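Chains as they are written, first to last, in this note's numbering: chain A, 2 to 102; chain B, 270 to 551.
What follows is the structure, given as structure tokens:
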């Protein structure tokens, strides 16, 4: 499991993750794990918003406005989803420790 | 004046896999030949030819199967060695690396020049569904392996005999007289022998339908996202991990070029009707 992501966490795309975009949904291939992951449109949007310059809190702020959702719910959903992708090797938590599952 | 013909071996070509079949027993060779009668007979210029041979076993009525001189199966009755040949050819055909094709574990049929591909794991209803489509007048491409050319996304014909398991015999009763395999639990039906059977030429993929047989369920055809179709096709791609990024990109192009659906099959007749109407209107 990944160390707990928080609102202050910064996560970035793992450089070797292969990304295919189809109608706003993404399919990811993670070579190190030889696994595929499907992201729905919301998760794909989160994926596109991730960068080394933004904390998850900042991403949640932007998307909560875009989707007219309350920010705590959006932040909670993002942390859960991104934790899965960090554990899968598709994302890297900067400064975080990732323990292989 | 009389002449006598002696058939020593028959040569076939399936998706670039070229093989001879010979036998010590004329009847067994004839059965094998009928199972493959819809395949191309002429090898390509660059093909290596793999040689299968049915040798008589030590007991009467038994045989052994060899591939390029190596035993594939110990002694068994004719139906068993024939089934082994069919399995071996399927495996070799689908597992050959090809720079130009991505091969899906899928059935495929054609209507009006457009291909419907049905990728799914075993026991999902691929052969049964494509058999129903053939009965409804669709052109037959394959019930086992859809080889998609990576340049033009056309599906190549692999018209092996329909391999209809006994669990589907009750819904495909009209096909019973056309079995050429003589096996106890599976029919081998060369499509060209069926009254409505027609073999299709290579044709562009236009529909990806994910079949799932659920006994007793309603028969439902529902759209799925292209990403969902890509995930399912990835799981059904032979040797996907040989070139995963490239294969994923090809599958994305296939999905983008197609209308994508999931088909829950409770009734074959209803499923065929839904697919027929889909291809007539989409």
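Beta carbons are placed, not taken as given, at the ideal position from N, Cα and C, and that holds for glycine.
Owing to the predicted nature of the structure, the values given are computational and were not obtained by experimental measurement.
Given that residue i touches chain B, what residues does it touch there, using C-beta distances under 8 Å?
{"i": "residue 19(A)", "result": "513, 514, 517"}
{"i": "residue 24(A)", "result": "494, 495, 496"}
Which chain A residues are close to residue i, counting only those with a beta carbon under 7 Å from its beta carbon?
{"i": "residue 371(B)", "result": "Result: empty, since nearest Cβ-Cβ is about 14 Å, beyond 7 Å."}
{"i": "residue 500(B)", "result": "28, 37, 39"}
{"i": "residue 302(B)", "result": "Near residue 302(B) there are no residues of chain A at all, since even the closest Cβ is about 41 Å away, more than 7 Å."}
Rounded to whole angstroms, what's the CA-CA distance from residue i to residue j? Just pull it up for me.
{"i": "residue 319(B)", "j": "residue 279(B)", "result": "12 Å"}
{"i": "residue 231(B)", "j": "residue 447(B)", "result": "Residue 231(B) lies beyond the residue range present for chain B, which begins at 270 and ends at 551; the question has no answer from this structure."}
{"i": "residue 431(B)", "j": "residue 512(B)", "result": "30 Å"}
{"i": "residue 73(A)", "j": "residue 533(B)", "result": "39 Å"}
{"i": "residue 350(B)", "j": "residue 373(B)", "result": "26 Å"}
{"i": "residue 538(B)", "j": "residue 67(A)", "result": "46 Å"}
{"i": "residue 20(A)", "j": "residue 454(B)", "result": "44 Å"}
{"i": "residue 434(B)", "j": "residue 456(B)", "result": "6 Å"}
{"i": "residue 94(A)", "j": "residue 87(A)", "result": "7 Å"}
{"i": "residue 464(B)", "j": "residue 89(A)", "result": "52 Å"}
{"i": "residue 442(B)", "j": "residue 346(B)", "result": "26 Å"}
{"i": "residue 102(A)", "j": "residue 92(A)", "result": "Residue placement at residue 102(A) cannot be trusted, given a pLDDT of 38 that sits under 50; what the coordinates show is reported in the next sentence. Near 14 Å, if we compare the C-alpha coordinates of residue 92(A) and residue 102(A)."}
{"i": "residue 43(A)", "j": "residue 479(B)", "result": "24 Å"}
{"i": "residue 297(B)", "j": "residue 305(B)", "result": "13 Å"}
{"i": "residue 100(A)", "j": "residue 12(A)", "result": "Residue placement at residue 100(A) cannot be trusted, given a pLDDT of 40 that sits under 50; the coordinates are not used to answer."}
{"i": "residue 419(B)", "j": "residue 535(B)", "result": "34 Å"}
{"i": "residue 523(B)", "j": "residue 23(A)", "result": "11 Å"}
{"i": "residue 526(B)", "j": "residue 78(A)", "result": "33 Å"}
{"i": "residue 60(A)", "j": "residue 71(A)", "result": "13 Å"}
{"i": "residue 416(B)", "j": "residue 363(B)", "result": "9 Å"}
Looking at the structure shown, is residue i part of a helix, part of a strand, or coil, going by DSSP?
{"i": "residue 509(B)", "result": "helix"}
{"i": "residue 35(A)", "result": "coil"}
{"i": "residue 100(A)", "result": "In this prediction, residue 100(A) scores a pLDDT of 40, lower than 50, which makes its location untrustworthy; the coordinate-derived value is nonetheless stated afterwards. DSSP places residue 100(A) in coil when its eight states are reduced to three."}
{"i": "residue 375(B)", "result": "strand"}
{"i": "residue 56(A)", "result": "coil"}
{"i": "residue 364(B)", "result": "helix"}
{"i": "residue 407(B)", "result": "coil"}
{"i": "residue 388(B)", "result": "strand"}
{"i": "residue 68(A)", "result": "helix"}
Assign residue i to one of two classes, buried (16 or more other C-beta atoms within 10 Å of its C-beta) or exposed (fewer than that).
{"i": "residue 343(B)", "result": "exposed"}
{"i": "residue 391(B)", "result": "exposed"}
{"i": "residue 516(B)", "result": "buried"}
{"i": "residue 470(B)", "result": "exposed"}
{"i": "residue 412(B)", "result": "buried"}
{"i": "residue 388(B)", "result": "buried"}
{"i": "residue 477(B)", "result": "buried"}
{"i": "residue 5(A)", "result": "exposed"}
{"i": "residue 370(B)", "result": "buried"}
{"i": "residue 486(B)", "result": "exposed"}
{"i": "residue 48(A)", "result": "buried"}
{"i": "residue 333(B)", "result": "buried"}
{"i": "residue 327(B)", "result": "exposed"}
Below 6 Å, is the gap between the Cβ of residue i and the nearest heavy atom of the ligand GTP?
{"i": "residue 296(B)", "result": "Absent from the structure shown: the ligand GTP. Ligands present: none."}
Residues of chain A with a CB under 8 Å from the CB of residue i: which are they?
{"i": "residue 453(B)", "result": "Those do not exist, as residue 453(B) stays about 39 Å from chain A at its closest Cβ, beyond 8 Å."}
In chain A, which residues lie with their C-beta within 9 Å of the C-beta of residue i?
{"i": "residue 250(B)", "result": "This structure cannot settle anything about residue 250(B), because the visible part of chain B is limited to 270 through 551."}
{"i": "residue 525(B)", "result": "23, 24"}
{"i": "residue 510(B)", "result": "35"}
{"i": "residue 503(B)", "result": "28, 30, 37"}
{"i": "residue 521(B)", "result": "21, 22, 23, 28"}
Output yes or no for whether 7 Å exceeds the beta carbon distance between residue i and residue j.
{"i": "residue 473(B)", "j": "residue 422(B)", "result": "yes"}
{"i": "residue 292(B)", "j": "residue 323(B)", "result": "yes"}
{"i": "residue 402(B)", "j": "residue 541(B)", "result": "yes"}
{"i": "residue 76(A)", "j": "residue 9(A)", "result": "no"}
{"i": "residue 481(B)", "j": "residue 529(B)", "result": "no"}
{"i": "residue 376(B)", "j": "residue 358(B)", "result": "no"}
Check whether chain D comes within 7 Å of residue i, counting only Cβ atoms and requiring the distance to be less than that.
{"i": "residue 501(B)", "result": "The chain inventory of the structure shown lacks chain D, comprising the protein chains A and B."}
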